[in-house]
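**Q** Protein chains in written order, with the numbering used here: chain X, 1 to 263; chain R, 264 to 526.
All residues carry an ideal CB built from backbone N, CA and C; glycine is no exception.
One structure is given below, represented as structure tokens, and several questions about it will come after.
If you want it as structure tokens, here you go:
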């Protein structure tokens, strides 16, 4: 399996980088081919701006979705973005690894998503009709591939628990797992998360590395999060609201979009 | 009231910019002093990196939280970050305005948060004991001030509804409203959101502008989202888990952290 790991930490001697090396070694030991996009080392440009669309006229308004659609269709995206798209098409699996900063990904990684996820490639794909609403949420350019997050969090695990003050980690990561990975078609594996990284010692690292190695060993066989397919009949089209009667009793919010105990 | 509006769209002739101008005009008409941080116009640097910590030794490992703490304590943050912190301290209220890209803020705005929210200023503040766990979630450097989001979304409102496929908008924005605004102390007002901006016409703009003007007119009197104060007795310390019996019957996840119908 070809695996692309996109990595976002500014320090090569960080705990994050050490865990990245553990993941890469274990994936390679399992026979996978691994490529790493180390965004800081690459000097990745974070913000979407006019420079991303060299074919856009000097006086033209920059409407990001329209500019992205045109640039993808005409092959005029910048070379750095085209290279990342080529890596995504090479990869059977994508891993995003990042420290959780302010309950989200660091800006440089968000900028990788904002720039690489072109219109016509990651969104704006497929037919919109009374039968389907584009190829997204389980269908799309990256369908049939796997994706997974590796996340380091400075805070306590309990603070991210079901009743923890930060909110449950699975809900905090839903906009990424469902909104960024599942959207263009990936099967999304449960994330690997390690907490308390601000107070890590050698034993903490050894334990996290052991768990991460195990996740990498079973990577190809891990069952994905059972998100619902948008066009599979569960949602009204075009309002894309979940049909009455679906969803576990009492479930609301993000949890509705996972099949739980349904056939 | 002094209001800082942080704006993140690359096109000065965008719908976003037009709505920003509506908001600023209405706030000024109501007698408020308004400053705008237009991140693209300022050439804001998005990524946290070594250049943010000029006092960090060339060979020292960059540990972002430790470097931020030291730089804030010694007054060696970069001039651009210090200027934004000064604006936050000047402002009685903060508005973040952005287009929703991939269910989150654009990279350039995330980078404003990552860089301006220094350790000792926005986090790592206050006493940690068996009575309180720092000054955060309703307490902190920015307590007593108001904050609010202005969000433009390309998709349909129904897709962001209670059963919509994207997930409910209030949950998608929780990591920002609760995790970024409430965390350092702001009272967080309900967001202003306008949908379907990819297919806006003049009537849509007129309607959104009218609603936005009304929100700006009542800005100083709007009741904030009733998030729970971390140190008010609702949470166990130090695990910061909501005490049993609190939360509306059947509530889970993010909803637990709002007081609803409690005294």
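Step through the CB atoms of chain X and report whether any lies within less than 8 Å of the CB of residue 367 (chain R).
**A** yes
**Q** Which residues bound the alpha helix (DSSP H) around residue 438 (chain R)?
**A** 432-439
**Q** Around the Cβ of residue 167 (chain X), are there at least 16 other Cβ atoms within 10 angstroms (buried) or fewer (exposed)?
**A** buried
**Q** Closer than 9 Å, Cβ to Cβ, to anything on chain R: give me those residues from the segment 28-50 of chain X, in chain order.
**A** 39, 40, 44, 45, 46, 47, 48, 49, 50
**Q** Could you name the residues of the segment 151-169 of chain X whose beta carbon sits closer than 8 Å to any beta carbon of chain R, in the order they occur along the chain?
**A** 154, 156, 158, 159, 161, 162, 163, 164, 165, 166, 167, 168
**Q** For residue 174 (chain X), decide whether its Cβ has a neighbour in chain R, counting only Cβ atoms nearer than 8 Å.
**A** yes
**Q** Terminal residues of the continuous beta strand (DSSP E) containing residue 267 (chain R)?
**A** 265-270
**Q** Using a C-beta to C-beta distance shorter than 8 Å, which residues of chain X count as neighbours of residue 398 (chain R)?
**A** Those do not exist, as residue 398 (chain R) stays about 13 Å from chain X at its closest Cβ, beyond 8 Å.
**Q** For the alpha helix (DSSP H) that residue 327 (chain R) lies in, which residues bound it at each end?
**A** 327-336
**Q** With a threshold of 16 other CB atoms inside 10 Å of the CB of residue 369 (chain R), please say whether the residue is buried or exposed.
**A** When all chains shown are included, residue 369 (chain R) counts as buried.
**Q** Count the other CB atoms, across all protein chains shown, that sit within 10 Å of the CB of residue 135 (chain X); report buried if there are 16 or more and exposed otherwise.
**A** buried
**Q** Any idea if residue 300 (chain R) is buried or exposed, counting beta-carbon neighbours within 10 angstroms, 16 or more meaning buried?
**A** buried
**Q** Compare the C-beta of residue 391 (chain R) against all C-beta atoms of chain X and say whether one is closer than 8 Å.
**A** no
**Q** Hey, out of R:463, R:387, R:347, whose CA is closest to residue 305 (chain R)'s CA?
**A** R:347
**Q** Chain R beta carbons: is any one of them nearer than 8 Å to that of residue 113 (chain X)?
**A** yes
**Q** Hey, quick one: how far does the alpha helix (DSSP H) through residue 217 (chain X) stretch, first residue to last?
**A** 202-217
**Q** At which residues does the alpha helix (DSSP H) containing residue 493 (chain R) begin and terminate?
**A** Unbroken run through residue 493 (chain R): none, as it is neither H nor E.
**Q** Would you mind working out which of X:198, X:225, X:192 sits nearest residue 209 (chain X), comparing C-alpha positions?
**A** X:192
**Q** What in chain X is Cβ-close to residue 513 (chain R), meaning under 7 Å?
**A** 250
**Q** Please list the terminal residues of the continuous alpha helix (DSSP H) segment that includes residue 305 (chain R).
**A** 302-305
**Q** Helix, strand or coil for residue 339 (chain R)? Go by DSSP, reduced to three states.
**A** coil
**Q** The alpha helix (DSSP H) with residue 15 (chain X) in it runs from where to where?
**A** 15-29
**Q** Just to confirm, is the Cβ distance from residue 103 (chain X) to residue 172 (chain X) under 8 Å?
**A** yes
**Q** Cα-Cα, which of R:332, R:514, R:482, R:487 is closest to residue 264 (chain R)?
**A** Closest option to residue 264 (chain R), Cα to Cα, is R:482.
**Q** When you compare the CB of residue 239 (chain X) with every CB in chain R, is at least one pair closer than 8 Å?
**A** yes
**Q** Among residues of its own chain, excluding the 5 on either side of residue 487 (chain R), which ones have a beta-carbon nearer than 6 Å to its beta-carbon?
**A** 450, 451, 452
**Q** On a Cα-Cα basis, can you pick out the residue from X:40, X:13, X:19 that is closest to residue 207 (chain X)?
**A** X:19
**Q** Please report the Cβ distance between residue 157 (chain X) and residue 197 (chain X), rounded to the nearest whole angstrom; I am assuming they are in contact, meaning their Cβ atoms lie under 8 Å.
**A** Actually they do not touch by this definition, with Cβ atoms about 11 Å apart.
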